[in-house]
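Protein chains: 2
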Amino acid sequence: MRTSIATVSLSGGLTEKLTAAARAGFDGVEIFENDLLASPLGPEEIRARCADLGLSIDLYQPMRDIEAVPPEEFGRNLRRAEHKFRLMQRLGADTVLVCSSVSPLAVDDDALAALQLRRLAELADGFGIRVAYEALAWGRHVSTYDHAWRIVEAADHPALGTCLDSFHILARGSDPKDLEGIADIPGEKIFFLQLADAPLMAMDVLQWSRHYRCFPGQGGFDLAGLLGHVIRAGYRGPLSLEVFNDVFRQAEAGPTAVDALRSLLVLQESAGLTEPPAPVVPTGIAFAELTGPDVEPVSELLEALGFARTARHRSKPVDLWQQGEARVLLNTGPGARRDGTRLAAVGLESPDPAGAARRAESLLAPVLPRRRAPEDVPLDAVAAPDGTELFFCATGRPGLPSWTSDFEPVGHPAPATGGVRRIDHLALTQPWHQFDEAALFHRSVLGLGAQESVDVADPYGLLRSRAVTNADGSVRIALGVGPAPSADDGGRAQHIALATDDLVTAARRFRAAGGRLLTIPANYYDDLAARYEFADGELETLRGLGILYDRDAGGAFRHCYTETVGRVFFELVQRDEGYRGYGAGNAPVRLAAQHVRRPGR
Amino acid sequence: MRTSIATVSLSGGLTEKLTAAARAGFDGVEIFENDLLASPLGPEEIRARCADLGLSIDLYQPMRDIEAVPPEEFGRNLRRAEHKFRLMQRLGADTVLVCSSVSPLAVDDDALAALQLRRLAELADGFGIRVAYEALAWGRHVSTYDHAWRIVEAADHPALGTCLDSFHILARGSDPKDLEGIADIPGEKIFFLQLADAPLMAMDVLQWSRHYRCFPGQGGFDLAGLLGHVIRAGYRGPLSLEVFNDVFRQAEAGPTAVDALRSLLVLQESAGLTEPPAPVVPTGIAFAELTGPDVEPVSELLEALGFARTARHRSKPVDLWQQGEARVLLNTGPGARRDGTRLAAVGLESPDPAGAARRAESLLAPVLPRRRAPEDVPLDAVAAPDGTELFFCATGRPGLPSWTSDFEPVGHPAPATGGVRRIDHLALTQPWHQFDEAALFHRSVLGLGAQESVDVADPYGLLRSRAVTNADGSVRIALGVGPAPSADDGGRAQHIALATDDLVTAARRFRAAGGRLLTIPANYYDDLAARYEFADGELETLRGLGILYDRDAGGAFRHCYTETVGRVFFELVQRDEGYRGYGAGNAPVRLAAQHVRRPGR
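What follows is the structure in structure tokens.
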């Protein structure tokens with residue numbers, strides 16, 4: 000179906016918004032009146048700009064407080080409407096959105112509403128314009144889609160139809176049964192469909208609508224279900240996003256527009272309207288790649304953790320460090336930035352790397368070059384919203400080229416001794432304005448499942464974290480976001496969590512090898528003693544090593560932290576099989592301890 | 000009364016929080032458990048630190064999910080409690096907060112709750128500790144203060160009392176009558192009083208409580224009314240702030256603690272408990288002072304606006320520019336920062352400058368030195384939360400020294416010709432984390448009234464603005480805040496609005512004198528034509544000059560803008576006497592036009 004986006008969903012001036020929408024690949028736009036008013040371009044210039052960009056103007060919006068008012072007020076409203084119809088002619092827009100009235104002058108009289116909307120439609124018809132009447136969830140007398148439709152039906156004019164808006168329909172917490180009436184509306188009378196998702200929140204619906212809408216799949220509404228009803232009604236117009244969101248207002252328009260279009264692609268797939276390449280769920284983490292100008296501090300850390308440097312890339316300054324199934328690449332090549340060591344890429348073990356890349360590409364993920372040097376094994380890779388490179392790869396599996404073929408074994412590697420079995424999870428910090436998008440990206444592009452988002456108190460602000468995982472937990476990525484755009488390094492840290500079956504031994508080995516574990520306050524252990532009963536001596540052992548402890552219905556979780564190098568630190572974890580979390584309850588203690596280690600703050 | 004603050008209300012590590020509370024002048028603190036857990040200091044060290052700082056530890060908090068549970072669960076709870084009582088002994092805290100249970104294990108049985116709380120109190124008593132039981136607004140079975148009190152009364156133990164929390168009481172939207180029961184609780188059984196305000200919002204009460212609480216006077220609750228009831232009950236314990244707020248978590252602890260204590264001082268005055276020096280409401284704006292390294296561009300702007308340079312400071316590089324009653328000082332002295340021209344100080348016409356300063360000082364406003372050079376007229380001044388210097392002064396009034404005496408007239412000043420009568424209003428940009436505090440400061444310290452806060456859409460994010468005024472509108476200050484900490488200059492601009500009786504003539508004169516007015520898009524005027532009827536030719540005149548138009552029930556408002564110099568621009572306004580606003584509806588158009596002028600963005 001055709002895709003469209005309301006200009007209010009993107010930041011910047013009108014021309015920036017139009018450019019971003021066109022570049023992302025939208026077919027059309029809704030022009031939000033305030034964006035036009037503030038633009039130095041006249042209506043004809045905007046029309047030409049849209050034509051140049053290949054964008055249709057699908058809707059002009061909104062017109063407010065028109066119907067069910069006393070005659071003299073309605074006269075003024077018609078005068079105002081006529082001005083706008085003339086403007087729309089200059090603009091080349093043929094459909095206008097009329098929201099149900101919130102005016103204190105409006106009366107509760109459907110017959111009057113229908114009569115006046117018919118008059119409006121007659122006027123519009125003379126300009127070749129169609130009127131799409133929509134129920135605002137907080138409309139004074141008309142607040143449901145079926146009520147709006149009854150009025151449109153009674154008005155009975157070919158230039159009058161209804162506009163359905165997913166927010167206004169779903170924010171009222173409608174029973175799915177309430178939506179069945181949509182399919183009874185003649186498709187040709189649904190003039191327009193506006194789509195927005197929203198997190199499920201108990202709050203004033205107007206504030207919710209104006210500040211917290213988000214793109215389909217980023218919130219909690221069943222938009223695919225709603226879309227199904229609208230399609231069954233016979234609607235064939237554009238799918239258009241109208242999203243008022245305080246964060247998107249501040250974010251760059253270009254990336255936001257791409258995220259927006261991706262959300263519509265995913266929605267159409269969910270509703271069974273399209274069949275893009277199926278997701279190829281990764282089956283493990285093949286490697287984590289760290290880049291930095293100086294690998295020595297990380298190398299020392301890896302050595303103390305029991306990793307062995309086992310191989311070196313044939314043509315690039317990249318070392319492979321390995322222990323069990325945990326593999327870490329250290330890259331000092333040109334990608335290494337001056338701001339210190341960071342987690343730059345993740346290798347995802349994929350049963351079908353090429354298929355995974357096709358999926359990603361179909362959902363607008365930026366595809367990275369397949370091979371970097373002529374002799375390298377071709378590797379499919381895309382960029383995640385935070386810029387992390389995701390490689391779809393295979394590690395020594397029959398029938399698939401192995402990324403490890405690019406590496407030449409080092410003569411006599413030291414044996415890996417740390418007791419680390421594999422990478423338990425990765426924690427990646429997201430740009431603050433793409434937190435919701437990051438979860439949608441990992442869900443839709445990679446086929447991972449998203450857990451609930453949790454708030455975590457850092458001494459200098461709240462952080463949010465949301466994990467995405469595959470079904471067996473062999474891929475776990477915790478997506479985090481700091482408290483504010485200007486957050487310091489605390490909010491930007493990334494980490495690699497390493498799984499061991501015996502954390503106490505692993506932590507002791509690490510220390511014996513010269514590693515330093517994050518110091519956890521004694522008060523924390525006094526509290527543990529109050530909350531849990533431990534086997535004799537265990538609590539003292541945890542205290543002595545700085546091991547944190549958590550428990551949920553499925554089991555226990557023990558974890559401890561190395562110091563931070565650049566933006567990266569390591570976590571050692573021992574996870575009972577049934578434990579689903581990441582020790583979020585301990586995060587405030589860990590974050591405070593990390594701040595203590597940074598007295599410069 | 001004694002003042003106290005919960006450590007959760009301030010940002011940073013525990014020692015930072017304690018230091019900030021002590022420096023601001025609090026008598027005591029509530030220790031929030033998580034702050035203790037994350038602290039590297041042991042309980043005895045925290046106790047010693049508090050003693051050194053002169054802080055008492057008034058409460059340890061919180062203990063959760065204790066009461067009305069099955070026996071074996073209660074056994075575990077007592078074990079947990081005993082651990083905490085031992086900790087409190089080491090800490091030197093003698094009162095613990097117990098919140099009404101939210102546990103799914105809790106049963107709706109007041110008698111069981113009373114019995115178990117009595118058992119808890121007996122245990123506490125052995126440690127010399129008192130238990131203060133509080134109803135959470137979202138408690139599973141106990142969610143109102145009177146219900147909690149009935150259970151405490153039934154438990155009937157001297158070591159068990161109740162804790163009243165203004166948020167939990169007022170968030171339930173209680174009828175004022177519902178509060179009358181407070182006075183019936185014996186004062187000695189009210190063990191503690193926690194105070195928090197909150198903006199009036201329709202949202203999930205737990206989220207509201209955890210993220211949006213604010214200091215008394217910053218929100219919409221009638222805390223003085225509540226406090227009256229508590230005092231009548233005979234409560235003589237501390238007034239303690241417990242404020243969970245996402246913004247304060249990120250703000251510096253020091254200034255937040257001062258704002259916090261100021262809010263308690265104002266609250267006590269509002270409740271009739273104290274009589275600080277009365278506010279001296281300013282009667283006009285004596286001057287606005289701009290500082291900058293290079294005054295030439297501003298001087299040119301002032302000249303074009305029709306100002307005349309009439310005098311120069313005797314001992315400092317400060318020029319006085321005047322037109323009608325509008326006075327602007329241009330200062331190139333050492334206060335001038337490199338980041339360009341800014342509005343650094345405001346002279347407030349005061350009937351009693353010394354009294355105004357005493358008021359400000361009593362409310363913790365930083366007092367600035369009274370005279371800068373020995374020969375200068377002594378001037379009382381304080382710093383506002385945004386750092387703006389506020390001078391309480393008199394302009395040539397009998398019996399009071401006039402600040403103008405420090406200025407020597409310039410030989411033959413050009414006559415002022417711009418038609419400007421006086422300063423209509425000043426717009427000051429606040430640090431993003433002190434927006435609510437700024438309004439409280441201006442209300443409480445200066446005795447101004449605060450209007451409602453309004454949201455304004457900038458192309459790159461939402462701004463908020465709130466005006467404070469005196470009764471006759473001769474002092475109007477619009478306090479604004481940008482969309483986010485990292486907001487660019489758009490969010491940092493300040494402006495001086497100049498009142499004229501004939502804006503069209505003033506704007507024409509300005510242009511004829513070489514001034515450039517901000518260009519307003521033609522689309523804006525097409526919209527004006529749709530919304531209002533104008534006298535013949537007026538709309539064309541507005542369009543030709545870039546004059547914006549607004550109207551409310553009281554009259555019309557016409558305004559236009561100069562270009563920006565440094566961080567400052569000027570506005571020319573013509574205000575009908577009854578118009579109360581500032582043209583907020585036009586602000587998105589103005590902001591977009593100002594971004595167009597800054598193509599560097």
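Line order of the protein sequences matches chains A and F.
Sequential numbering from 0 applies to the first sequence in this note's numbering.
Sequential numbering from 0 applies to the second sequence in this note's numbering.
Yeah, the Cβ is synthetic: ideal placement off N, Cα and C, and Gly gets one too.
For clarity, every value in this text was computed on a predicted model and none was experimentally measured.
For the stretch 500-520 of chain A, which residues have a beta carbon sitting closer than 8 Å to at least one beta carbon of chain F?
Cβ contacts with chain F come from Thr518, Pro520.
Starting from aspartate 525 of chain F, follow the alpha helix (DSSP H) in both directions and report where the run begins and ends.
Here the alpha helix (DSSP H) through aspartate 525 of chain F covers 521-530.
Skipping 5 residues on each side, what residues in its chain have a beta carbon closer than 7 Å to that of proline 365 of chain F?
Hits under 7 Å: Val381, Ala382.
Starting from the C-beta of arginine 1 of chain F, find all residues in its chain whose C-beta is less than 6 Å away, skip the five residues before and the five after it, and write them out in chain order.
Taken in chain order, the residues that qualify are Asp26, Pro237.
At 7 Å on the CB atoms, spell out the chain F contacts of histidine 558 of chain A, in chain order.
Within 7 Å Cβ-Cβ: nothing; histidine 558 of chain A doesn't reach chain F, min ~16 Å.
Between the Cα of phenylalanine 191 of chain A and those of A:Pro61, A:Leu36, A:Arg357, A:Gly398, spot the shortest distance and give me the residue it belongs to.
Considering only alpha carbons, the answer is A:Pro61.
Using a C-beta cutoff of 9 Å, does valine 97 of chain F count as contacting chain A?
So, not an interface residue.
Report the rounded CA-to-CA distance for glutamine 193 of chain F versus alanine 21 of chain F, giving the unit in angstroms.
Approximately 18 Å, taken between the alpha carbons.
Output yes or no for whether 9 Å exceeds the beta carbon distance between leucine 502 of chain A and glutamate 562 of chain A.
Result no, Cβ atoms of leucine 502 of chain A and glutamate 562 of chain A do not sit closer than 9 Å.
Give me the chain F residues within the contact set of glycine 12 of chain A, using Cβ-Cβ distance strictly less than 9 Å, ordered along the chain.
In chain order: Pro458, Ala591, His594, Val595.
Going residue by residue through the stretch 180-211 of chain A, where are the continuous alpha helix (DSSP H) segments of at least 4 residues, counting only ones entirely within it?
Counting only runs of 4 or more, we get 204-210.
Can you tell me which residues form a DSSP beta bridge with arginine 341 of chain A?
The partner list for arginine 341 of chain A (beta bridge, DSSP) reads A:Thr290.
So that I know if they touch, is there some Cβ in chain F lying closer than 9 Å to that of glutamate 72 of chain A?
So no, glutamate 72 of chain A is outside the interface.
With DSSP run on the structure shown, which of helix, strand or coil describes tryptophan 320 of chain A?
It is a strand residue.
Taking all protein chains shown into account, decide if alanine 287 of chain F is buried (16 or more other Cβ within 10 angstroms of its Cβ) or exposed.
Buried is the call here.
Mind reading off the beta-carbon distance from phenylalanine 84 of chain F to alanine 123 of chain F? Whole number of angstroms is fine, and I expect it under 8 Å.
So it is a contact: roughly 6 Å between Cβ atoms.
For lysine 188 of chain A, which residues in chain F fall below 9 Å Cβ to Cβ?
Those do not exist, as lysine 188 of chain A stays about 28 Å from chain F at its closest Cβ, beyond 9 Å.
Enumerate, from N- to C-terminal direction, the unbroken beta strand (DSSP E) stretches of 3 or more residues contained entirely within the stretch 556-584 of chain F.
Whole beta strand (DSSP E) segments, 3+ residues: 567-574.
For the stretch 132-148 of chain A, enumerate the residues whose C-beta is nearer than 7 Å to any C-beta of chain F, in chain order.
The residues in question: there are none.
Considering only residues of the stretch 97-182 of chain A, which uninterrupted alpha helix (DSSP H) runs meet the minimum length of 4 residues and lie entirely inside it, listed in chain order?
Fully enclosed alpha helix (DSSP H) runs of 4 or longer: 109-125, 144-154, 165-169.
By Cβ distance, which residues of its chain are closer than 6 Å to aspartate 487 of chain F, with the 5 residues on each side in sequence left out?
Interpretation of aspartate 487 of chain F is limited by its pLDDT of 47, a score under 50 that renders its predicted location unreliable; no figure is taken from the coordinates.
Once you ignore the five residues that flank alanine 303 of chain F on each side, which residues in its own chain have a CB closer than 6 Å to its CB?
Closer than 6 Å at Cβ, skipping near neighbours: Phe509, Ala512, Gly513, Gly514.
If we count Cβ pairs, one from each stretch, closer than 8 Å, do we get three or more for the stretch 456-468 of chain F versus the stretch 408-420 of chain F?
Touching, no, given that fewer than three Cβ pairs across the two stretches are closer than 8 Å.
Would you mind sorting proline 352 of chain F into buried or exposed? The rule is 16 or more other CB atoms within 10 Å of its CB.
Buried is the call here.
Keeping to the same chain, check which residues put their C-beta closer than 6 Å to that of valine 480 of chain F; ignore five residues upstream and five downstream.
Result list for valine 480 of chain F: Gln429, Trp431, Phe434, Arg463, in chain order.
Quick check: the Cα distance between alanine 592 of chain F and proline 520 of chain F, rounded to an integer number of angstroms?
Cα-Cα distance, rounded: 8 Å.
Is it right to say glutamine 206 of chain A is buried, meaning 16 or more other beta carbons lie within 10 angstroms of its own, or is it exposed?
Flag for glutamine 206 of chain A reads exposed.
Starting from the Cα of valine 257 of chain F, find the closest Cα among F:Ile184, F:Pro384, F:Met202 and give me that residue.
Residue F:Pro384 is the option with its Cα nearest to valine 257 of chain F.
Suppose the cutoff is 6 Å on Cβ atoms and the five residues either side in sequence are ignored; what does the same chain contact list for proline 458 of chain A look like?
Closer than 6 Å at Cβ, skipping near neighbours: Ala591, His594.
Compare the Cα-Cα distances from alanine 259 of chain F to each of F:Ala393, F:Ala19, F:Gly565 and report the closest residue.
Per the Cα distances, F:Ala19.
Measure from the C-beta of alanine 19 of chain A to each C-beta in chain F and report whether the shortest distance is under 9 Å.
For alanine 19 of chain A, the answer is no, since every Cβ of chain F falls outside 9 Å of its Cβ.
Would you please verify whether the beta carbon of valine 68 of chain A is less than 9 Å from any beta carbon of chain D?
As a matter of chain content, chain D is missing from the structure shown, whose protein chains are A and F.
Between the beta-carbon of leucine 319 of chain F and the beta-carbon of threonine 309 of chain F, is there less than 9 Å?
Yes.
Kindly identify the DSSP beta-bridge partner or partners of threonine 468 of chain A.
DSSP output for threonine 468 of chain A lists A:Gly448, A:Arg475 as bridge partner(s).
Name the two residues that bound the continuous beta strand (DSSP E) containing leucine 54 of chain F.
Careful: leucine 54 of chain F lies outside any beta strand (DSSP E) and carries neither H nor E.
May I have the straight-line CA-CA distance separating threonine 255 of chain F from alanine 356 of chain F, to the nearest angstrom?
Between threonine 255 of chain F and alanine 356 of chain F, the C-alpha separation is close to 22 Å.
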